[in-house]
Structures are given as structure tokens and as C-alpha cells.
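Everything on this sheet refers to the single structure shown next.
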Amino acid sequence: MPRLMDIYDLNGLTLPNRTVMAPMTRTRATEDGVPTDLMRDYYVQRADAGLIITECTQISDRARGIIRAPGIHREDQVAAWRSITSAVHDAGGRIVNQIWHPGRVSHPEIMGGADPVAPSPIPAEGSFFLPSGRVHFTVPHALGIDELPGIVEDFRRATSHAKAAGFDGVEIHAANGYLLQQFLEDKSNDRTDAYGGSIENRARLTLAVVDAAINAWDANHVGIRLSPAGAHYGIADSDRPALYDYVIRELAQRDISFIHVVRPNKASYDAGPVQIEDVAGFTRQRYAGPIIVNGGYDRDSADSVIQKGDADLVAFGVPFLANPDLVARLKTGAGYNTPDPTTFYGVGPKGYTDYPALDRVGA
Ligand SMILES: Cc1cc2nc3c(=O)[nH]c(=O)nc-3n(C[C@H](O)[C@H](O)[C@H](O)COP(=O)(O)O)c2cc1C
């Protein structure tokens with residue numbers, strides 16, 4: 001039976017172990033979305049991961065949702081990412097780029113005054129932090145049917161930029177309440193055109209994005225992240241088992257490189273009945289390819305989901321954030337650093353590149 005530290009063949013890419021660094025926004029790019037040398041150091045420190053998935057990366061200048069998030073829509077950004085991917089490869093690692101459009105989870109203040117976009121004029125729930133302080137989400141601009149090819153094109157271009165930047169693949173962000181999940185789920189999508197209503201219609205944009213990315217690269221280099229139990233920013237659906245049954249089967253037909261699913265968290269349970277609890281098992285029943293599962297795993301629970309066969313790889317978020325040498329610590333059972341949430345979305349090296357590694361000589 002496979003174990004967490006066993007090697008894994010991800011469609012021809014050999015991973016030395018089955019740990020994945022989960023995508024995590026850390027706000028250390030420049031104000032205009034250029035990756036920095038500090039980001040390079042951070043990812044290189046974590047090159048022992050079987051696979052690194054980068055923080056969410058904006059696919060166009062209009063896909064802004066987080067201050068100092070990186071982009072992959074301009075040549076200067078591609079060049080900066082190239083120095084990161086080559087440094088990670090030189091350190092023996094592998095790295096995939098998470099490509100992202102936030103949709104309604106944004107604000108005119110970071111959109112140069114423009115309204116965020118969404119399937120329907122339904123605001124995200126809750127609030128978020130901007131330089132001016134805590135703000136509530138505004139009513140988004142409902143994308144016209146003529147605007148959707150532009151979104152697909154932005155994802156396509158981001159994929160070919162990721163390839164040019166030396167990444168080992170892309171992960172399409174269709175989770176955590178961002179644009180693609182806003183189209184998928186019916187609480188945020190009340191369109192009456194070919195992109196709303198039936199499950200097939202609501203999945204149309206996500207599948208068009210997947211097809212465009214596969215065209216730009218190939219199926220072995222295009223994965224996707226789904227959160228079929230997520231409640232981020234008020235995302236919800238009246239029948240998630242039916243929705244994700246369709247979506248996962250369609251992805252399986254396309255032979256996508258991997259499906260990365262996020263387990264329910266506390267917010268999922270607080271929001272109401274969780275319709276799909278065992279997200280990995282649910283996915284496995286419909287997809288025989290590589291499955292990554294994430295959300296609150298430790299060494300034992302990760303090992304057991306892999307041994308059970310419901311997932312091939314386990315992504316760790318906060319544990320990788322706070323432990324650059326997480327793989328060594330998982331192997332040896334050595335202790336873990338304590339994460340400092342006040343620096344998760346900070347500036348500079350504090351709480352970013354200064355978490356100590358174990359003394360490897362003694363490990
Ligand atoms: C600081 C921070 C930033 C995050 N940013 C992203 C992101 O950019 N994209 C994404 O899909 N998930 C993001 N997440 C969610 C993580 O990928 C992961 O799902 C979550 O931390 C649960 O996994 P864990 O229990 O192993 O930490 C973020 C989480 C944290 C803590």
C-alpha cells in the first residue's frame with residue numbers, strides 16, 4: 001500500500017514524495033503584481049515538497065482581488081516567475097502555478113474604480129481588508145455573454161505564460177468562492193442564458209476554461225482545484241452532489257492532470273448541512289486519475305487517506321507555511337514551528353522566510 005513518503009508519478013513528473021504544498025496567498029509580490037526575489041527564497045526553502053502549488057495568481061489586470069498578489073499576464077511577471085521556477089528546479093523541486101480570477105471577491109478600490117465582475121449582480125458575503133481598512137463587498141457587474149470569451153482567453157494566455165515561465169503545470173482555481181465557483185453554484189448564479197440555470201450551463205465556463213488551458217498546453221499539465229464543501233464568501237449550492245458529480249465526470253473525460261479537492265472546514269459546518277463530507281472518496285468514485293486532498297491533515301491522517309486509495313497526494317497549507325522543511329519533519333516525527341497568523345498576509349521576510357528549519361545534521 002502506498003505511503004505519504006513514497007514516490008509518485010504525476011503524469012510523467014516524478015514526485016519524490018506525496019506531500020503537496022497547498023496554494024497560499026502571502027502578499028509578497030510588488031504593488032503591480034510582479035513576483036519578488038523574496039518569493040523565490042520562500043519557494044526554494046520548500047523545494048522538498050513532492051509538489052509546490054503557488055499562491056493564487058491573477059490572470060489579467062482586471063482579475064484583481066488581493067493587494068500584492070502576483071500576476072501572470074505581463075512579460076515582466078513571466079520573467080520574474082521564470083527566475084523562481086528555475087531556482088526551485090535547481091533546488092530539486094517541482095512547482096505548479098495556481099491561475100485565478102476572483103470575480104466578485106474584490107472591490108472597486110483595488111480595481112482602479114471599476115466594479116468587480118461575477119455571473120450575477122449578487123455581492124459576496126462578508127468583508128475583507130484593504131489599505132483603507134475593512135470594507136464590505138459591493139454589487140458586482142454581471143458579465144455579459146459577450147464578455148465570457150475574454151475570461152476564457154485570459155485563462156488560456158495565463159496557461160501559456162505559465163508554460164513559458166518554466167512551471168511544471170497549472171492549477172485552475174475553481175474553488176474557495178472565486179469566479180469559476182461563482183458560476184458553478186446556484187446561490188451566486190441566477191443567469192438565464194447558456195451559463196446559468198441547469199448544471200450543464202453553470203459548468204460551461206469552468207469546462208471552457210479547462211479546454212482552453214489544455215489546448216494551450218496539454219492535459220498532463222492542467223489540474224484543477226475544487227471546494228465541493230466550501231462556504232467561502234457565501235458560496236453555496238442547492239444540490240452539490242449532482243453538480244460535482246457532473247463536473248468531476250466531465251473533468252475525468254478530459255483526462256485532466258489532477259483534481260485537487262478541499263475538505264469541509266469549520267465554516268462549512270457553520271454554514272449549514274455539508275452535502276459532500278468525504279470529498280476525496282466522492283471524487284475517487286468518479287475519477288481514476290491523480291487526486292490531491294487538502295484541509296487539516298497531519299502525518300497520520302495523510303498516510304491513511306493515501307493508504308485507503310481515496311487520494312494519491314495530500315496538500316498541507318499552514319504546516320508548510322510555518323515549516324520550510326516540513327517533509328523532513330514529517331519523516332522524522334520532529335516537532336513543528338508555531339504558525340504566526342499576524343504575518344500570513346504581511347510584508348517582508350518576517351513570518352515568511354524566517355521560520356527555522358531543523359538542524360539536518362542531527363535529523
Ligand atoms: C495564508 C493562507 C493563504 C491561502 N491562500 C490560498 C490561495 O491563494 N489559493 C487557494 O486555493 N487556497 C488558499 N488558502 C487555503 C489553503 O490552500 C488550504 O486549503 C487551507 O490552509 C487548509 O489546509 P491546511 O489545513 O493544510 O492549512 C490559503 C490559506 C492560508 C492559511
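For the record, in the sequence shown the residue sitting at position 136 is 136 according to our numbering, with numbers rising by one throughout.
Quick reminder that beta carbons are idealized off the backbone N, C-alpha and C, glycines included.
Only a predicted model underlies this, so the values are computations on that prediction, with no experimental measurement involved.
For this session: Figure out for me which residue from P356, V261, G103 has the closest Cα to the Cα of S60.
Result: Residue nearest to S60 within the set P356, V261, G103 is G103 (criterion: CA-CA distance).
For this session: Report the partner residues of T19 according to the DSSP bridge assignment.
Result: Beta-bridge pairing links T19 to V314.
Exercise. How would you label A79, buried or exposed, when you count the other beta carbons within 10 angstroms and need 16 or more for buried?
Worked result: In the assembly as shown, A79 is an exposed residue. Its beta-carbon has fewer than 16 other beta-carbons within 10 Å.
Exercise. According to the Cβ coordinates, are I151 and L179 closer than 9 Å?
Worked result: The Cβ atoms of I151 and L179 sit closer than 9 Å to each other.
Exercise. By how many angstroms is the C-alpha of E153 removed from the C-alpha of A368?
Worked result: What the structure shows of the chain is the stretch from 1 to 363, and residue 368 is not part of that stretch, so it cannot be assessed.
Exercise. Taking 8 Å as the line, does the beta carbon of W217 fall inside it for any heavy atom of ligand 1?
Worked result: Answer for W217: no, Cβ out of range of ligand 1.
Exercise. If you check the beta carbons only, do S120 and R62 fall under 9 Å apart?
Worked result: Cβ atoms of S120 and R62: not closer than 9 Å.
Exercise. According to the Cβ coordinates, are R204 and D186 closer than 9 Å?
Worked result: No, the pair does not count as a contact, with Cβ atoms beyond the cut-off.
For this session: For G296, collect the residues of the same chain with a Cβ closer than 8 Å to its Cβ; drop the 5 residues on either side in sequence, then sort them by chain order.
Result: Correct list, in chain order: R263, N265.
Exercise. H173: beta carbon under 8 Å from a heavy atom of ligand 1?
Worked result: Yes - ligand 1 has a heavy atom lying nearer than 8 Å to the Cβ of H173.
Problem set entry | Start-end ranges of the alpha helix (DSSP H) lying completely within the region 178–262, minimum 4 residues | Qualifying alpha helix (DSSP H) stretches, in chain order: 179–184, 199–216, 240–253.
Problem set entry | Simplified DSSP assignment, three categories, for T343 | DSSP, read as helix, strand or coil, puts T343 in helix.
For this session: Starting from Q58, trace the alpha helix (DSSP H) both ways and give me its first and last residue.
Result: No alpha helix (DSSP H) contains Q58, which is instead part of the beta strand (DSSP E) from 51–58.
Exercise. Rounded C-beta distance between R28 and L38? I'm assuming under 8 Å.
Worked result: Here R28 really is in contact with L38; their C-beta atoms are around 5 Å apart, less than 8 Å.
Problem set entry | Rounded Cβ spacing between R284 and A252 (contact assumed at less than 8 Å) | 11 Å between Cβ atoms; not a contact.
Problem set entry | Cβ neighbour criterion (16 or more within 10 Å) applied to M1 | With fewer than 16 other CB atoms across the displayed protein chains lying within 10 angstroms of its CB, M1 is exposed.
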